[in-house]
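In my numbering, the protein residues as written are 201 to 624.
Glycine included, every Cβ here is placed at the ideal spot set by N, Cα and C.
Everything numeric in this text was worked out from a predicted model, so none of it was measured.
Below you'll find the structure, written out as structure tokens, and then a few comments.
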């Protein structure tokens with residue numbers, strides 16, 4: 201494949217120093233294919249959470265860019281990520297989204313693979329001759345590393361370690377986000393997936409976009425009680441911020457007092473959580489633990505956007521999977537407390553359904569505007585898309601610029617990384 205410089209010689213014309221994005225960034229199929237090669241096959245891509253692979257033999261299907269992969273815990277307890285493609289004639293060796301198994305077998309000719317991807321056996325091997333090397337025909341494996349339960353994989357064996365790609369500040373925010381376990385480990389409770397006719401970068405922008413919230417999510421705001429509604433009026437408070445954390449990552453802190461869930465435990469509880477608190481007391485939980493659990497149930501006060509495909513959004517994971525230049529799969533993953541109170545996990549699910557669920561007040565509205573962005577690119581292709589909001593008053597942060605909570609600082613961080621990877 202040609203280098204990006206050869207096919208797209210002027211990257212400044214696609215994302216300009218003035219923070220303007222060319223319409224073709226959402227529409228050009230050749231550019232999309234280049235992104236899959238130069239970004240998704242060269243960097244760390246999130247594939248699973250540790251709780252989804254609780255036992256030896258547990259597996260789930262995922263993607264690294266366009267490539268289908270299997271994420272599985274083997275008999276030694278190690279996590280392997282392998283391309284879901286038989287080495288014989290390319291059929292997928294697994295079509296079950298998640299489960300537990302002792303091996304994988306191709307349905308076409310019966311080639312069998314172990315949980316580590318090794319080729320264990322094949323019918324009538326004598327026709328391949330004595331020199332056939334089973335060791336050279338295992339499932340293609342990706343480099344795999346994890347941080348605080350978040351499992352990433354890459355095709356790039358020369359990339360820096362995961363913790364270096366994430367950086368100290370990102371790791372700090374991941375640790376803060378995981379306090380939503382309320383003293384228990386965080387676990388995946390379930391997920392739903394939907395497809396939106398949009399380019400993947402439309403969604404990459406959205407999770408770091410607070411500016412849209414009072415407009416797109418007006419019906420959600422109207423569905424809240426007084427305390428919760430006040431908490432989500434973060435554009436009015438002036439307390440929040442968005443910050444470039446390096447390597448395309450960013451954080452959007454909407455409710456700063458909820459960044460560290462171990463703080464402010466003595467603050468008055470929101471009215472919607474009072475019945476839960478009483479139920480926990482009735483179950484025998486001491487008051488300090490009740491307050492810790494209740495505060496955790498409400499979620500963190502920030503969105504952490506990790507380039508290129510996953511975000512930690514208030515209380516759930518949002519994962520994007522590019523399908524083609526104008527189609528993206530989205531997964532919203534609900535989170536709860538492993539071993540925690542059933543009442544707390546039920547409320548976590550109800551809160552997830554209220555906003556992120558398929559019949560919720562948030563996801564359908566988001567998906568509508570994402571689709572309308574993509575439709576809008578069909579007109580006025582000479583008109584740039586603007587991501588310059590907040591440039592006038594950005595200040596230095598720990599690693600990069602920090603701006604007002606409604607600034608497009610996080611989008612600029614992602615596009616800066618996009619340009620860097622596309623120019624390599």
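For residue i, three-class secondary structure by DSSP
| i | result |
| --- | --- |
| residue 444 | strand |
| residue 561 | coil |
| residue 418 | helix |
| residue 396 | strand |
| residue 203 | Unreliable positioning characterises residue 203 in this predicted model, as indicated by a pLDDT of 46, which lies under 50. The coordinate reading is nonetheless provided below. DSSP places residue 203 in coil when its eight states are reduced to three. |
| residue 432 | coil |
| residue 542 | helix |
| residue 525 | coil |
Bridge-paired residues (DSSP) for residue i
| i | result |
| --- | --- |
| residue 319 | 313 |
| residue 520 | 530 |
| residue 650 | Lying before the first or after the last residue shown, residue 650 is absent from the chain, which here runs from 201 to 624. |
| residue 537 | 386 |
| residue 297 | Beta-bridge pairing links residue 297 to no other residue. |
| residue 304 | 313 |
| residue 553 | Bridge partners of residue 553: none, in fact. |
| residue 391 | 533 |
Option in the options with minimal Cα separation from residue i
| i | options | result |
| --- | --- | --- |
| residue 553 | 534, 571, 567 | 534 |
| residue 283 | 521, 263, 495 | 263 |
| residue 425 | 523, 473, 441 | 473 |
| residue 556 | 420, 277, 268 | 420 |
| residue 312 | 298, 363, 285 | 285 |
| residue 439 | 373, 603, 217 | 603 |
| residue 521 | 612, 510, 384 | 510 |
| residue 219 | 233, 495, 607 | 607 |
| residue 565 | 573, 336, 417, 457 | 417 |
| residue 272 | 530, 490, 257 | 257 |
| residue 390 | 435, 303, 518, 239 | 518 |
| residue 317 | 324, 227, 292, 610 | 292 |
| residue 610 | 585, 408, 570 | 408 |
message: My parser needs the beta strand (DSSP E) runs of 3 or more residues fully inside the stretch 306–385; what are they?
response: The qualifying runs are 319–321, 343–347, 350–354.
- prompt: Hey, which unbroken runs of the alpha helix (DSSP H) at 4 residues or more fall wholly within the stretch 205–292?
  reply: The qualifying runs are 211–214, 229–235.
task: Just list the alpha helix (DSSP H) runs in the stretch 437–499, keeping only unbroken ones of 4 residues or longer that don't cross its boundaries, in chain order.
output: If we require 4 residues or more, the alpha helix (DSSP H) runs fully inside the stretch 437–499 come out as 474–482, 487–497.
- request: Would you mind listing the beta strand (DSSP E) stretches within the stretch 557–623 that are 3+ residues and don't spill past its ends, in chain order?
  value: Listed in chain order, they are 601–604.
field: Sufficient close CB pairs (3 or more, under 8 Å) joining the stretch 593–604 to the stretch 576–585
entry: Counting C-beta pairs with one atom in each stretch, the stretch 593–604 and the stretch 576–585 have fewer than three that are closer than 8 Å, which means they do not touch.
The stretch 343–354 contacting the stretch 250–261, beta-carbon criterion three pairs below 8 Å: Verdict: yes, contact present.
query: Do three or more CB pairs link the stretch 512–526 to the stretch 354–369 at distances below 8 Å?
result: Touching, no.
query: Does the stretch 372–387 come close enough to the stretch 456–467 that 3 or more CB-CB pairs lie under 8 Å?
result: Touching, yes.
message: Quick check: the stretch 493–512 against the stretch 443–458, are at least 3 beta-carbon pairs closer than 8 Å?
response: Because the criterion of three Cβ pairs below 8 Å is met, the stretch 443–458 and the stretch 493–512 touch.
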